[in-house]
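Q:
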Amino acid sequence: MKNFVLHLLVLSHSFSVPLLKRECVKFLEQGWLSTENVIDVLQLAKDCDSPRLFFICVRMVVRDFRTVASTEGWKVMKRVNPALEQELLELVVEADSRKEERLRKMEEKKVYLQLHEAMEALLHICKDGCRTIGPRDKVFKTNQVACDFPACKGVEMLIRHFFSCKTRVPGGCNQCKRMWQLLELHSCMCSEPESCKVPLCRQFKEKMRQQSKKEEAKWKLLVSKVMAAKSTQNQILARYSGL
């Protein structure tokens, strides 16, 4: 059947033999396709009204476009059916755009998760203390073990820099700006500013009441994205832990 499957597909379609057509399509779908013949099969799938086979061929073209575009089948199609070539090129560009968008969103979620981890570490340091840094009334043990907060070390370094920085420029240095942003973000997320031990939490809450609607909406959007990224991560972890 391998040597005549394409001929049989055309004949089964032309003479309306659905059982034979299904067998031909099944044979092609289950491993006979290659980058060398995919363009020929794709064109037949389109002419023979086999949408599933056409979709499988398109997926192979998109996945291995450079290889497929160098084949003889592509060169012949480009010459005799430029409209189909244009359609495939548009699908390749669309797939690349979707891939870039997915990568961008993944990087975005990664940043929001890092911000959430920083918020947890900041609260942990200011409330409970960690290693050699924390509230003034905290008594530290000499053999205190490392905590479970992944961002703790980075936040600790930021805090130490923030309180010892001697830079005197408008807005402070970049590290100080990051610390200010973390403190303000914490304040946006904090529901107990009056009793909160994070520095300037209550002051930032007061400042927010005086912000413009645009500025307030910007911070609310950031908070919602940070919380959504954490919620998604928790759902994924719960799903895998239940397996």
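So for the sequence shown, our numbering puts the first residue at 138; every next one is plus one.
In this text, a Cβ means the ideal position worked out from N, Cα and C, and glycines have one as well.
(1) Alpha carbons only, please: which of Pro287, Cys313, Glu257, Asn371 is nearest the one belonging to His323?
(2) For Ile262 and Gln167, I'd like the C-alpha separation in whole angstroms.
(3) How many Å lie between Met294 and Ile270 at the Cα?
(4) To test your reading of the DSSP string, which unbroken alpha helix (DSSP H) runs of 4 or more residues are found completely within the stretch 147-216?
(5) Out of Phe286, Asp285, Trp356, which has the shortest C-alpha to C-alpha gap to Gln318?
(6) Quick one: what's got a C-beta closer than 8 Å to Glu331's C-beta in the same chain, skipping five residues either side?
(7) Which residue wins for smallest C-alpha separation from Ala366, given the options Met326, Asp265, Met243, Phe152?
(8) Return the residue from the list Leu252, Gly291, Thr304, Asp177 that minimises the CA-CA distance to Val213.
(9) What are the partner residues of Cys267, as DSSP defines its beta bridges?
(10) Could you check what DSSP says for Lys303 in three-state terms: helix, strand or coil?
(11) Could you tell me if Glu329 is buried or exposed, where buried requires 16 or more neighbouring beta carbons within 10 angstroms of its beta carbon?
(12) From Lys334 to Cys310, what distance separates their C-alpha atoms?
(13) Since Leu145 contacts Leu157 with CB under 8 Å, what's their CB separation in whole angstroms?
(14) Leu181 and Val147: beta carbons closer than 8 Å?
(15) Alpha carbon to alpha carbon, what distance is there between Lys344 and Val292?
(16) On the DSSP letters alone, give me the boundaries of the alpha helix (DSSP H) that Ser332 sits inside.
(17) Assign Ile193 to buried or exposed, taking buried as 16 or more other Cβ atoms, counted over all protein chains shown, within 10 Å of its Cβ.
(18) Using the three-state DSSP reduction, which class does Asp233 fall into: helix, strand or coil?
(19) Considering only the alpha carbon of each residue, which of Asp186, Gln348, Lys303 lies closest to Ser149?
(20) Measuring alpha carbon to alpha carbon, tell me which of Leu374, Lys351, Arg235, Phe164 ends up nearest Leu190.
(21) What is the DSSP secondary structure of Gln340, counted as helix, strand or coil?
A: Here's the rundown:
(1) Glu257
(2) 58 Å
(3) Distance from the CA of Met294 to the CA of Ile270, rounded to the nearest whole angstrom, comes to 10 Å.
(4) 155-164, 175-184, 188-200, 202-206
(5) Distances from the alpha-carbon of Gln318 to those of Phe286, Asp285, Trp356 put Trp356 closest.
(6) Arg339
(7) Met243
(8) Asp177
(9) Per DSSP, Ile270.
(10) coil
(11) exposed
(12) In a straight line, the C-alpha of Lys334 is about 24 Å away from that of Cys310.
(13) 6 Å
(14) Closer than 8 Å, so yes.
(15) In this structure, the alpha-carbon of Val292 lies about 23 Å from that of Lys344.
(16) Careful: Ser332 lies outside any alpha helix (DSSP H) and carries neither H nor E.
(17) buried
(18) Residue state for Asp233 is assigned as helix, using DSSP reduced to three classes.
(19) Asp186
(20) Measuring from the Cα of Leu190, the nearest candidate turns out to be Phe164.
(21) helix
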